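Participant: The structure that follows is given in the form of structure tokens.
In the working numbering, the protein residues as written are 34 to 451.
Quick look at the structure:
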């Protein structure tokens, strides 16, 4: 058709020819997507999107928020998974039509792009589903309210303030009578720098390993602390999410903490040689053109379960959880728990299975005012005596008790302030 109507491959088609071209283009892309991942995988993606959207709605209602901000990639995927995967074929498809790549090359590159995109987005969906479920349970079980951000929208994306030298939380929740919890998604991330001395300080953020979720007790608006190693506030909890059945068999090249720092001059030289080549060394990825340079730097090839242990040893959280959608083999689970990592497996999409994580989150909440601190101490003291009560209800009952025993309270008060 193109040889007849558009031999120069300008793609300036009109009328019926344009409609036919678009129809055939979509048909080719969808056929390749089916070849690459199969119908079952697409059906599963649709189901996961549905479960994610349900969890998102429930979380927004529980926290009284107006909406959510998703990353551009995830937003496109949840709107229509198949259409999103078609977008990944756009450049390769037109390269094929212009005869820049062969049909076999189109299939090879297309299969890789579609498979990678599907796996990446399913991972993001499960990670975010788990986080949304935790927030919902904190609201329902512990009366959690949003302290940050103040605009009424939930951030499920990497916030873009690294250029200001900050890593801000995705969400800060206040648990009445207990304190606050600051949640950070996929951190630490690189921050801006100006000269070599700045880059040396910030280098660890470029090469740092990035767990799925970090949680800090207290009201923490900036995770960065360049006086520490790694250069962040020590997290009170790390949560890692695994959506694959065989996640523990997967292998990853870990270069992060083993890569040597670059000077600004070396950085700029790498940038000029091309974005993908230059950043390959910096971010620990290995495109074919950068393979030789990557090989010159030290790194480790680790199984995913060992990467999780590495997270624990580097960041030293007070608690670490691994949430697995599927059942984790006993030997893997035992090895992780020996390292101090609590495995919650066979979760599927059952939010109730995360109750133990939520209870532990409530325990690490830290007060940001003296009033919160006193109330937090009273709540914990009563819990030790077997009395679990919501802080708001506790305040109501305490005031009622004072009212019913006003004379004794006045006497105690006069002694306390004298």
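Yeah, the Cβ is synthetic: ideal placement off N, Cα and C, and Gly gets one too. These numbers were taken from a predicted model, which means no experiment stands behind them.
Helix, strand or coil for residue 115, going by three-state DSSP, please let me know.
Facilitator: Taking the first residue of the chain shown as 1, we reach residue 115 at position 82. Three-state result, residue 115: helix.
Participant: If residue 186 and residue 100 are in contact, beta carbons under 8 angstroms, what's the gap, nearest whole angstrom?
Facilitator: Position 153 of the chain shown holds residue 186. Position 67 of the chain shown holds residue 100. Yes, they are in contact, since the Cβ atoms of residue 186 and residue 100 sit about 5 angstroms apart, within 8 angstroms.
Participant: Taking Cβ positions, are residue 108 and residue 125 nearer each other than 8 angstroms?
Facilitator: On the chain shown, residue 108 is found 75 positions in, with the first residue counted as 1. On the chain shown, residue 125 is found 92 positions in, with the first residue counted as 1. Taking 8 angstroms as the cut-off, the beta carbon of residue 108 is found no closer than this to the beta carbon of residue 125.
Participant: When the Cα atoms are used, what is the spatial distance from residue 434 to residue 420?
Facilitator: Here residue 434 is taken as the residue at index 401 of the chain shown, counted from 1. Here residue 420 is taken as the residue at index 387 of the chain shown, counted from 1. Cα-Cα distance, rounded: 16 angstroms.
Participant: On the DSSP letters alone, give me the boundaries of the beta strand (DSSP E) that residue 101 sits inside.
Facilitator: By 1-based counting over the chain shown, the position of residue 101 is 68. Residues 100 to 103.
Participant: With a cut-off of 8 angstroms on the beta carbons, I'd call residue 264 and residue 257 a contact; round off their distance for me.
Facilitator: Taking the first residue of the chain shown as 1, we reach residue 264 at position 231. Taking the first residue of the chain shown as 1, we reach residue 257 at position 224. Sure, about 6 angstroms apart at Cβ, within 8 angstroms.
Participant: Does the Cβ-Cβ distance between residue 9 and residue 365 come in under 8 angstroms?
Facilitator: Because the chain spans 34 through 451 in this model, residue 9 falls outside it and cannot be assessed.
Participant: Pair every Cβ in the region 166 to 177 with every Cβ in the region 69 to 82, then say whether three or more of these pairs are closer than 8 angstroms.
Facilitator: no
Participant: Can you look up residue 436 in the DSSP assignment and give me helix, strand or coil?
Facilitator: On the chain shown, residue 436 is found 403 positions in, with the first residue counted as 1. In the structure shown, residue 436 sits in a helix (DSSP, three-state: H, G or I).
Participant: In chain order, which continuous runs of the beta strand (DSSP E) of length 3 or greater are located wholly inside the region 161 to 218?
Facilitator: Listed in chain order, the complete beta strand (DSSP E) runs (minimum 3 residues) inside the region 161 to 218 are 178 to 181, 186 to 189, 204 to 208 and 212 to 218.
Participant: Within 10 angstroms of its Cβ, does residue 361 collect 16 or more other Cβ (buried), or is it exposed?
Facilitator: Here the question's residue 361 lines up with position 328 in the chain shown. Per the 10 Å Cβ criterion, buried.
Participant: Where are the beta strand (DSSP E) runs, 3 residues long or more, that stay fully inside the region 366 to 423, in chain order?
Facilitator: 374 to 377
Participant: Look at the alpha carbon of residue 447 and the alpha carbon of residue 437, and state the distance between them as a whole number of angstroms.
Facilitator: Locating residue 447 in the chain shown gives position 414, counting from the first residue. Locating residue 437 in the chain shown gives position 404, counting from the first residue. Roughly 17 angstroms separates the two Cα atoms.
Participant: Between the alpha carbons of residue 127 and residue 155, how many angstroms are there, rounded?
Facilitator: Counting from one through the chain shown, the residue named residue 127 turns up at place 94. Counting from one through the chain shown, the residue named residue 155 turns up at place 122. The straight-line gap from Cα to Cα measures roughly 27 angstroms.
Participant: What's the call for residue 282, buried or exposed, on a 16-neighbour Cβ count within 10 Å?
Facilitator: Numbered from 1 along the chain shown, position 249 holds the residue referred to as residue 282. Exposed is the call here.
Participant: Using the rule of at least 16 other Cβ atoms within 10 Å of the residue's Cβ for burial, across every protein chain shown, is residue 160 buried or exposed?
Facilitator: Within the chain shown, residue 160 is the residue found at index 127, counting from 1. It is buried - the Cβ of residue 160 has at least 16 other Cβ atoms within 10 Å.
Participant: Can you give the Cα-Cα distance for residue 111 and residue 133, rounded to whole angstroms?
Facilitator: As a first step, residue 111 is located in the chain shown; it is residue number 78 there, counting from the start. As a first step, residue 133 is located in the chain shown; it is residue number 100 there, counting from the start. About 32 angstroms.
Participant: Just the C-alpha distance for residue 252 and residue 131, rounded to the nearest angstrom, thanks.
Facilitator: The residue you call residue 252 lines up with position 219 of the chain shown. The residue you call residue 131 lines up with position 98 of the chain shown. Distance between the alpha carbons of residue 252 and residue 131: 55 angstroms.
Participant: For residue 250, tell me which candidate among 56, 336 and 207 has the shortest Cα-Cα distance.
Facilitator: On the chain shown, residue 250 is found 217 positions in, with the first residue counted as 1. Residue 250 has its Cα closest to that of 207, out of 56, 336 and 207.
Participant: Tell me the residue span of the beta strand (DSSP E) that contains residue 360.
Facilitator: In the chain shown, counting from the first residue as 1, residue 360 sits at position 327. Counting along the chain, residue 360 falls outside any beta strand (DSSP E), and DSSP gives it neither H nor E.
Participant: Could you tell me whether the Cβ atoms of residue 340 and residue 285 are closer together than 8 angstroms?
Facilitator: Locating residue 340 in the chain shown gives position 307, counting from the first residue. Locating residue 285 in the chain shown gives position 252, counting from the first residue. Yes, they are a contact pair.
Participant: Alpha carbon to alpha carbon, how far is residue 113 from residue 168? Give it in angstroms, no decimals.
Facilitator: Numbered from 1 along the chain shown, position 135 holds the residue referred to as residue 168. Numbered from 1 along the chain shown, position 80 holds the residue referred to as residue 113. Cα to Cα, the separation comes out at about 26 angstroms.
Participant: How big is the Cα-Cα spacing for residue 325 and residue 412?
Facilitator: For this step, residue 325 is matched to residue 292 along the chain shown. For this step, residue 412 is matched to residue 379 along the chain shown. Unreliable placement is indicated for residue 325, whose pLDDT of 48 sits below 50; no coordinate value is reported for it.
Participant: Starting from residue 273, follow its DSSP beta bridges and name the residues at the other end.
Facilitator: Locating residue 273 in the chain shown gives position 240, where the first residue counts as 1. Note: residue 273 sits in a beta bridge opposite 355.
Participant: Taking DSSP as the reference, what is the three-state secondary structure of residue 287?
Facilitator: For the purposes of this step, residue 287 is taken as the residue at position 254 of the chain shown. Strand at residue 287.
Participant: Give the secondary structure of residue 334 by DSSP, where H, G and I count as helix, E and B as strand, and everything else as coil.
Facilitator: Position 301 of the chain shown holds residue 334. Reduced to three states, the DSSP call for residue 334 is strand.
Participant: Considering only the alpha carbon of each residue, which of 375, 371, 209 and 268 lies closest to residue 426?
Facilitator: Translated into positions along the chain shown, residue 426 becomes position 393. Ranking 375, 371, 209 and 268 by Cα distance to residue 426 puts 209 first.
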